[in-house]
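Report on one structure; see the data block that follows.
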Amino acid sequence: MDLDDKSTLHRNPHFQSPLPNSLANDRLASDSSLNYKNYKNKSWKRFFVVENVYSRIALAWTILQLVLISILELVILVVNKQNYNKLTSVATLNSTRDLDLLGLEKNASALTVYHSLFIVAQFFQLLLAFDGIYNRSIIQIVSTTCFNLICCAYSVVQSFQAFDIFHKAKGLILGSNHPTFTLEIIVIVLMVIFSIGWIFLSFKLYRVFGWEIFKDLGADKTVKDQLFVYHIFLMLLKLDVFFFIGFTVQYLILVISYAQSNTTIDMWVHGCIAMPSALILLIIAYLAVHKESNILMAALLLGLSTGIGYLISKIIDVTTSPSDSRKYVGAKNSLASFEIITTLLAVATFIVAIMCYKNFGKGLMELFNKKKGNSKEGGRSLLTPELI
Numbered sequence: 001m002d003l004d005d006k007s008t009l010h011r012n013p014h015f016q017s018p019l020p021n022s023l024a025n026d027r028l029a030s031d032s033s034l035n036y037k038n039y040k041n042k043s044w045k046r047f048f049v050v051e052n053v054y055s056r057i058a059l060a061w062t063i064l065q066l067v068l069i070s071i072l073e074l075v076i077l078v079v080n081k082q083n084y085n086k087l088t089s090v091a092t093l094n095s096t097r098d099l100d101l102l103g104l105e106k107n108a109s110a111l112t113v114y115h116s117l118f119i120v121a122q123f124f125q126l127l128l129a130f131d132g133i134y135n136r137s138i139i140q141i142v143s144t145t146c147f148n149l150i151c152c153a154y155s156v157v158q159s160f161q162a163f164d165i166f167h168k169a170k171g172l173i174l175g176s177n178h179p180t181f182t183l184e185i186i187v188i189v190l191m192v193i194f195s196i197g198w199i200f201l202s203f204k205l206y207r208v209f210g211w212e213i214f215k216d217l218g219a220d221k222t223v224k225d226q227l228f229v230y231h232i233f234l235m236l237l238k239l240d241v242f243f244f245i246g247f248t249v250q251y252l253i254l255v256i257s258y259a260q261s262n263t264t265i266d267m268w269v270h271g272c273i274a275m276p277s278a279l280i281l282l283i284i285a286y287l288a289v290h291k292e293s294n295i296l297m298a299a300l301l302l303g304l305s306t307g308i309g310y311l312i313s314k315i316i317d318v319t320t321s322p323s324d325s326r327k328y329v330g331a332k333n334s335l336a337s338f339e340i341i342t343t344l345l346a347v348a349t350f351i352v353a354i355m356c357y358k359n360f361g362k363g364l365m366e367l368f369n370k371k372k373g374n375s376k377e378g379g380r381s382l383l384t385p386e387l388i
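Here it is, written out as structure tokens:
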């Protein structure tokens, strides 16, 4: 058996060592220490020097997805932007600003925003994947898979919205029923393939990583459970950042910029108060669990409660808005979807934050500090918050 096979066996959570438990743990700790010493003061190399074949495949997979989907989405965006400019010209010439024509104009503008967000989502999934592989975190890999499944569903929604716009504008300014239809189908098919690939890679990387990020904790199940909750919380914060910014961008561009009433109030409340407060709250969330601060955690829970109430009010406003209202023309379905996802994430963050709070003072931070001290003397540990 060669060295790589031995390394794989030690990483496999189902591998039963023929050595006594104490000797097996010592051997594993020794191997881990030697492994991380090779990267001491050269941590950036871990992005390029990957130990196993499935990690290499995952890196190649996420980069390939980013390149292919972004190029196709960019082409679709350019074509839709050209048609949006034509719709804008027609709307400008129409002195009555007919609601149907305004709806077409706003829907075309919405498509530009949606495709731009989809491209940003590809970069975000790349960061999630890199972070998971870098830290050997199966939790992060699973979150990457779930995020890509959401993107896959969103690619279908984009195509239906584009079809609706081109169908309504048929005979008005467009020469084709749906000029981007073929490209949109290709994007959907590719996203299905990439999503299936991520499901496969998640299972394979689980067998490689197992729960490696917890191994240095030994047999203390209580501390393992605390660390598991800690990782879930940090993963939720990363998803919160993307979906809240996505919701904010859509609301500012597609609602406030077109609103004919209460524009100033909405701009101040959402753009100047809600958005900065949410970003500050995310920073407070990280510091609260990182420092186990009761004051910061109380501020976080209060802020999350306020934010959840604000998001629920927006969901009610969007879903109960009259069909003839101009406020949410072109943004109603997508905005409601983003608001619901963001609200669910905020509720999940609130619940997990309480779970983290219950673990304050039970030894997790002391373990982090101990491992951090050990990493300065020898190899780096996967447990330090800087690596999570």
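Mapped onto my numbering, the consecutive letters of the sequence shown carry residue numbers 1 to 388. Glycine is no exception: its CB is placed at the ideal position from the N, C-alpha and C atoms. Bear in mind that the values here come from a model prediction, so they are computed numbers and not experimental data.
Any idea what DSSP makes of residue i, helix, strand or coil?
| i | result |
| --- | --- |
| Pro276 | helix |
| Lys238 | helix |
| Thr182 | helix |
| Asn80 | helix |
| Gly389 | Residue 389 lies beyond the residue range present for the chain, which begins at 1 and ends at 388; the question has no answer from this structure. |
| Lys403 | Residue numbering for the chain in the displayed model covers 1 to 388; residue 403 lies beyond these limits and cannot be assessed. |
| Ser137 | coil |
| Asn52 | coil |
| Cys151 | helix |
Go to residue i, then tell me how far its alpha helix (DSSP H) extends in each direction, as first and last residue.
| i | result |
| --- | --- |
| Thr342 | Lys332 to Lys358 |
| Tyr310 | Asn294 to Thr319 |
Quick check on the burial criterion: 16 or more other C-beta atoms within 10 angstroms. Buried or exposed for residue i?
| i | result |
| --- | --- |
| Val187 | buried |
| Cys272 | exposed |
| Gly361 | exposed |
| Gly303 | buried |
| Glu292 | buried |
| Gln65 | buried |
| Ala298 | exposed |
| Asn359 | buried |
| Ala60 | exposed |
| Ala153 | exposed |
| Ser305 | exposed |
| Asp135 | Looking at the sequence itself, residue 135 is Asn, so the reference to Asp does not match. The residue in question, Asn135, is buried, as its Cβ has 16 or more Cβ neighbours within 10 Å. |
| Val157 | exposed |
| Gly363 | exposed |
| Ile133 | buried |
| Thr320 | exposed |
| Gln250 | buried |
Give every residue of the same chain whose Cβ lies closer than 7 Å to the Cβ of residue i, excluding the five residues on either side of it in the sequence, and list them in chain order.
| i | result |
| --- | --- |
| Pro18 | With a pLDDT of 46 at Pro18, under the threshold of 50, the predicted position of this residue should be treated as unreliable, though the coordinate-derived value follows. Closer than 7 Å at the Cβ level, and outside the excluded window around Pro18, lies no residue. |
| Tyr286 | Leu237 |
| Asp131 | Gln140 |
| Leu190 | Leu68 and Ile69 |
| Thr144 | Gln125, Leu128, Ala129, Gly132 and Trp198 |
| Leu77 | Thr112, His115 and Ser116 |
| Ser30 | Residue placement at Ser30 is poorly supported in this model, since its pLDDT is 40, which falls under 50; the coordinates still yield a value, given next. Same-chain partners within the cutoff: there are none. |
| Leu149 | Ser195 |
| Ala278 | Phe244 and Gly307 |
Please return the same chain residues whose Cβ sits closer than 6 Å to the Cβ of residue i, not counting the five positions on each side in sequence.
| i | result |
| --- | --- |
| Ile245 | none |
| Leu126 | Thr62 and Leu66 |
| Ser159 | Glu184 |
| Asn52 | Val208 |
Tell me which residues share the same chain as residue i and place their Cβ nearer than 8 Å to its Cβ, disregarding the 5 neighbours each side in the sequence.
| i | result |
| --- | --- |
| Asn333 | Val157 and Gln161 |
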